[in-house]
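Read in order, the letters of the sequence shown are residues 91 to 493 in this note's numbering. Even glycine gets a Cβ: it sits at the ideal position worked out from N, Cα and C. As the structure is a computational prediction, the values presented were derived from the model and not from experiment.
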Amino acid sequence: MPTYIYQATASKGDQKQGKIIAASENAAIKELQERKLTVTSLKEEEKKARFQISIPFMKKIKAKDLVIFCKELAILVNTNLPIIRALKTIELQTENPYLKDIVKEVKNEVTGGSNLSDAFGRFPEVFSPFFINIVKSGEVSGRLGEILESVAEQMEKDYDLNSEVKTALAYPGFILVSIFVVGFILVTFALPQLISIFEESNVELPLTTRILIWVAHFMQSFWWLILAFIFLAGAFIASSLKSKQGQDSFDRLKLKLPIIGPLFQKVYLTRLTRNLGILIESSLPILRALKVTADVVGNVVYKEVLLQVADDVEGGKSIGDSFSKFPGVIPPLVTQMISVGEEVGKLDNSCKQIAEFFAKEVDHILKQFASLIEPVLLVVMGIAVGLLVSAILMPIYNLADTI
91 MPTYIYQATA SKGDQKQGKI IAASENAAIK ELQERKLTVT SLKEEEKKAR
141 FQISIPFMKK IKAKDLVIFC KELAILVNTN LPIIRALKTI ELQTENPYLK
191 DIVKEVKNEV TGGSNLSDAF GRFPEVFSPF FINIVKSGEV SGRLGEILES
241 VAEQMEKDYD LNSEVKTALA YPGFILVSIF VVGFILVTFA LPQLISIFEE
291 SNVELPLTTR ILIWVAHFMQ SFWWLILAFI FLAGAFIASS LKSKQGQDSF
341 DRLKLKLPII GPLFQKVYLT RLTRNLGILI ESSLPILRAL KVTADVVGNV
391 VYKEVLLQVA DDVEGGKSIG DSFSKFPGVI PPLVTQMISV GEEVGKLDNS
441 CKQIAEFFAK EVDHILKQFA SLIEPVLLVV MGIAVGLLVS AILMPIYNLA
491 DTI
């Protein structure tokens, strides 16, 4: 979104100037009026090359770095340190060079008169709509330090949850790759040295050995075809996932997969309710909170649900009633607790309780998954390696018996 430079008069006659990010001039004027400012001048800021230069670097900032940044900013703001000094302090001690560059740009924007939330908004590749709206709410309510502290805590929980899921799912992949590597080494290096001996002898080869010999011949003759297939398949998958249609299809597939589909569902429900709860707690309007959560939930299925719920709420329905239309992805437990939270006026607390419940469920599933998958994979690996080794050694033993 474009940035506008404004000059305005406050209710007491004080002159104000600064920068604001908005979808249009009318949207910028409306937001400034909500801040009790009378706009006297408004013009769009010219784009500067420095932001274009920074964009490629943003992708190299890790989630853990952002968690630490948010924690440090919360601590400094809670000590009543001015925002500019707080940003300068973080800039000096940040080890990640790319994040350091962004913090410096944010500090310069704030020094030039921008609000902190607008300054963060210049870097949407790094700071999510959730984070920007939370900061904006903290600025308006005067609870910036308190809200940042709460956000840092939630970001850390999200980071820990994502790390646990990635680690649990990476382990089976590591075992399967190990099996493939061992098999590749045996077939490519060990077996060819024995093929000539086997072919010259009159020993009858077992079926597994004959299959391995065929595989070895194929790999030696068509290695370039195998590499080309792997490269093209990888490029096709990567290209598909980068497209909106491919990413949407993958998001839907993740929820339908056996065993891990329910796990992904609980992960997204944890993220949905946790983010929605903290947005409501920070006094963001319900409609805005639903739309912001839709942007950061991380799955197109839940994004569509949240946007539909936002439309229903705008039409007069309750969130609980709207959620009940999606029993396939929103469990009755969520619907009931949301409805109770709406009735008693503690929707933020209900969302947090739901998030904690599903976070514990995810942790329990991951522990069960790890305890079950590890012995199974070790058995599979043992059988696979055993078959490969026996396919090579059995003909050698048979050959020795004939001597």
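For the pair residue 338 and residue 387, the CB atoms are not nearer than the 9 Å cut-off. Counting only runs of 4+ residues, the alpha helix (DSSP H) found wholly inside the stretch 92-139 occupies 115-124, in chain order.
With respect to residue 278, residue 309 sits close: the two C-beta atoms are nearer than 9 Å. Contact annotation: residue 262 and residue 463 have beta-carbon atoms nearer than 9 Å. Distance from the CA of residue 480 to the CA of residue 306, rounded to the nearest whole angstrom, comes to 16 Å.
At the C-beta level, residue 213 and residue 180 stay beyond 9 Å of one another. Note on geometry: alpha-carbon atoms of residue 425 and residue 385 lie some 21 Å from one another. Residue 380 places its beta carbon less than 9 Å from that of residue 397. For residue 260, the enclosing alpha helix (DSSP H) begins and ends at 234-275. Ranked by Cα distance from residue 117, the first of 134, 103, 107 and 106 is 134. Residue state for residue 212 is assigned as coil, using DSSP reduced to three classes. The three-state reading of DSSP puts residue 299 in helix, counting H, G and I together. Between residue 299 and residue 288, the CB-CB gap stays under 9 Å.
Residue 197 is positioned such that its CB atom lies no closer than 9 Å to that of residue 166. Per DSSP, reduced to three states, the secondary structure at residue 169 is coil, with no helix or strand assignment. DSSP, reduced to helix, strand and coil, places residue 464 within a helical segment of the structure shown.
The Cβ atoms of residue 224 and residue 368 sit closer than 9 Å to each other. Secondary structure of residue 221 (DSSP, three-state): helix. Look at residue 308 here: in three-state DSSP terms it is helix. The three-state secondary structure of residue 421, taken from DSSP, is coil.
It is roughly 14 Å from the alpha-carbon of residue 187 to the alpha-carbon of residue 216. For residue 346, the enclosing alpha helix (DSSP H) begins and ends at 334-346. Annotation for residue 384: the continuous alpha helix (DSSP H) segment containing it runs 376-386.
Cβ contact annotation for residue 365 (same chain, cutoff 8 Å, sequence separation greater than five): 220, 244, 382, 383, 386 and 387, in chain order.
Exposed is the label assigned to residue 404, since fewer than 16 other Cβ atoms lie within 10 Å of its Cβ.
Between residue 241 and residue 357, the C-beta gap is not smaller than 9 Å, which leaves the two residues out of contact. Taking 9 Å as the cut-off, the Cβ atoms of residue 127 and residue 99 count as close. In the structure shown, the three-state DSSP call for residue 184 is coil. Under the three-state reduction of DSSP output, residue 429 falls in the helix class.
The beta-carbon separation of residue 430 and residue 412, rounded to 15 Å, does not stay under the 8 Å limit for a contact. Put simply, the backbone Cα of residue 169 is about 9 Å away from that of residue 235. In its chain, beyond the 5 residues on either side, 242 have a beta carbon closer than 7 Å to the beta carbon of residue 161. For the pair residue 351 and residue 344, the CB atoms are nearer than the 9 Å cut-off. DSSP places residue 447 within a helical segment (H, G or I) once states are collapsed to three.
In this structure, 361 is the residue among 372, 407 and 361 with its C-alpha nearest to the C-alpha of residue 393.
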